[in-house]
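The numbering of the sequence shown is the numbering used here, which starts it at 702 and goes up by one. First comes the structure, then the notes that go with it.
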Amino acid sequence: KRKFIKCYSELNGKVFEDSNELYEKKLLMIGFISEGKIYLPSIVDATTHKALKKYIDKNLDATGSIIYYSVIYDNFADRLNAGFSEDMLKKYLIYIFAGVYKFDREYLSKVGTTGDSKKDLINLFINTGHPMEIEEIYSKLPNITQNAINELLRDKDFIVNFRGKSYFYKDIFEIEDEQLSKIRDFIRDTIQEKYHVSSAQLCAFIREKMPELIESNPYVTDLGFKNSIKLLLNDEFSFKGDVISESSRQIDVKELYREFCRRREKFTLEELEEFKASIHKSYIDYNAVFEISIRVDADTYVRRDIINFDVEKIDNAILNYCNDKYVSYLDIINFIEFPTLQYPWNYYVLEGYLFSESKIFSILNATFNKEKPVGAIIKKHAFDNFDDLIVDVIKENRLFNREKAFEYLQENCFILTRKFKNIDLLINKAKM
């Protein structure tokens, strides 16, 4: 602007006196402004101008009511001048096609129409008539950016059919009032008996008792059925992850883990992690898991009633290593004297045995974890809590240095990590 005022004065022999508002108004009579600069419309050649118009009209007629500026830019970037930005293209379109199209912040549409990207997405689903993979949705709605489509699909009206990769619109799901009532009764009756219903139980009920519903929705997966029922009955029940319960009842997480284990003779750590995610919890309740199941190796759990423990012989074998109040896991150097089981002896099996089977011993730790068994094998009632055990370990081994204490406790599998907040307090207690 300073250069313009100087040039104006030199050419006209008088001072430029227009207000800022009038100055910008006059500028917009000759060009378009983008990012603080003005450009003449001739920056876009006539051939590209015609191609832009043709491309916009064709796509508005064929694939929806709107088209995003970024989509147009991606298709024309190589035909525009170097340095031509997406904002420049948007401002050029607004300038050159004023009155031809309706312009919104991120997209344009036909004059006299209401551009609605959600409506375009709904129409696509209804016209297609079945769930679609995300890539197919992208390809059939080329006028809408992928980010915008992803945002639309987060709306509750669009049903996740398969782990966030396949979707359908709610009205595609076909269900009669009588069928929905039957499902409602099943959920209510099961909750009265077991306090909750899992998605697996719901889908098993539908497959067994309502095959006609599956025939009406052949493309819908178990996840799709669950999510559809959730949308229809969300006001009547609480749907949290893989668990359906009464809206007013607090879910008993411990019982959920017990029930998960009861229904399986064998399961993997990965399946347990998947279940944790399905009920939207950040932790595994290992106490509940160990009540029902025993971990037999790093990856596998079996139901406790499958393994027959000879308690007297096992306790006698442990007595060979633990005559005092406690020993670490690593003090049991082999399992030769332990009676044969259906599964090979290891520290995982020993952990499960000590949890509830032994008459003489038990396990004491800060917490159970998925990495490996940690803590100590103790005589029952030898310690009131884990802190008392650690004080005894520190005192007996004279671990009065913080670093030495951590090193010893980790090496001997009393603790897994150094996230043991009160170690300094326990060291001082051991000194006293």
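In this text, a Cβ means the ideal position worked out from N, Cα and C, and glycines have one as well. None of the values given here were measured: they were computed from a predicted structure.
- Beta-bridge pairing by DSSP links Glu-834 to Ser-867.
- Cβ-Cβ distances below 7 Å link Tyr-1109 to Asn-1098, Leu-1100 in the same chain, with the five nearest sequence neighbours on each side left out; the list follows chain order.
- Spanning the alpha carbons of Gln-893 and Ser-946 requires a straight line of approximately 9 Å.
- Nearest in C-alpha terms to Val-990, of all of Ala-978, Ser-983, His-981, Leu-970, is Leu-970.
- Counted as a single uninterrupted DSSP element, the alpha helix (DSSP H) harbouring Val-954 occupies residues 954-963.
- Taking all protein chains in view, the Cβ of Ile-731 is surrounded by fewer than 16 other Cβ atoms within 10 Å, so the residue is classified as exposed.
- Taking 9 Å as the cut-off, the beta carbon of Val-1075 is found no closer than this to the beta carbon of Leu-1127.
- Excluding the 5 residues flanking it on each side, Ser-899 has same chain C-beta neighbours closer than 7 Å at Asp-943, Val-944, in chain order.
- For the 9 Å CB-CB criterion, Lys-811 and Lys-803 form a contact.
- Contact between Ser-1029 and Cys-1114 holds, since their C-beta atoms are separated by about 6 Å, short of 8 Å.
- Looking at the backbone, the Cα of Ala-1077 and that of Ile-1091 are separated by about 10 Å.
- In this structure, DSSP gives Ile-1034 a state outside helix and strand, which the three-state scheme calls coil.
- Just so you know, the alpha carbons of Phe-938 and Ser-948 end up roughly 5 Å apart.
- Val-1012 carries a helical assignment under DSSP once its states are collapsed to helix, strand and coil.
- Residue pairing by DSSP places Leu-809 opposite Ile-768, Phe-804 in a beta bridge.
- In the DSSP annotation of this structure, Ser-994 is not part of any alpha helix (DSSP H); the continuous beta strand (DSSP E) holding it starts and ends at 994-996.
- Assignment of Phe-826 by DSSP, reduced to helix, strand and coil, places it in the helix class.
- With 16 or more other Cβ atoms inside 10 Å of its own Cβ, Ser-929 counts as buried.
- Taking 9 Å as the cut-off, the Cβ atoms of Tyr-1049 and Val-1094 do not count as close.
- For the pair Lys-1073 and Ala-999, the CB atoms are nearer than the 9 Å cut-off.
- Judged by beta-carbon spacing, Tyr-868 lies within the 9 Å limit of Ile-835, meaning their Cβ atoms are closer than that value.
- Taken through DSSP and simplified to helix, strand or coil, Val-861 comes out as strand.
- The DSSP assignment places complete beta strand (DSSP E) segments of no fewer than 3 residues inside the segment 915-951 at 938-941, 944-947, in order along the chain.
- By the beta-carbon neighbour count (other beta carbons within 10 angstroms, threshold 16), Cys-962 is buried.
- For Tyr-756, the CB contacts under 8 Å within the same chain, skipping 5 residues up- and downstream, are Ile-773, Asn-776, Phe-777 in chain order.
- Two segments are said to touch when three or more pairs of C-beta atoms, one from each, lie closer than 8 Å; by this definition the segment 843-859 does not touch the segment 780-789.
- Per DSSP, Ile-1095 is one residue of the alpha helix (DSSP H) stretching across 1087-1098.
- Bridge partners of Ile-1078 according to DSSP: Val-1028, Ile-1064.
- In the structure shown, Ser-1057 adopts helical secondary structure according to DSSP, grouped into three states.
- Contact annotation, Cys-1023 with Phe-1056: C-beta distance approximately 16 Å; criterion of less than 8 Å not satisfied.
- Remark: C-beta atoms of Asp-923 and Ala-901 approach each other more closely than 9 Å.
- A direct Cα-Cα distance of roughly 21 Å separates Leu-1042 from Asp-1032.
- Here Ile-1015 is near Glu-1058, since their CB atoms are less than 9 Å apart.
- Secondary structure of Ala-1131 (DSSP, three-state): helix.
- In this chain, the beta strand (DSSP E) harbouring Ile-739 covers 738-740.
- Sixteen is the threshold: when 16 or more other Cβ atoms of the shown chains lie within 10 Å of the Cβ of Leu-903, as they do, the residue is buried.
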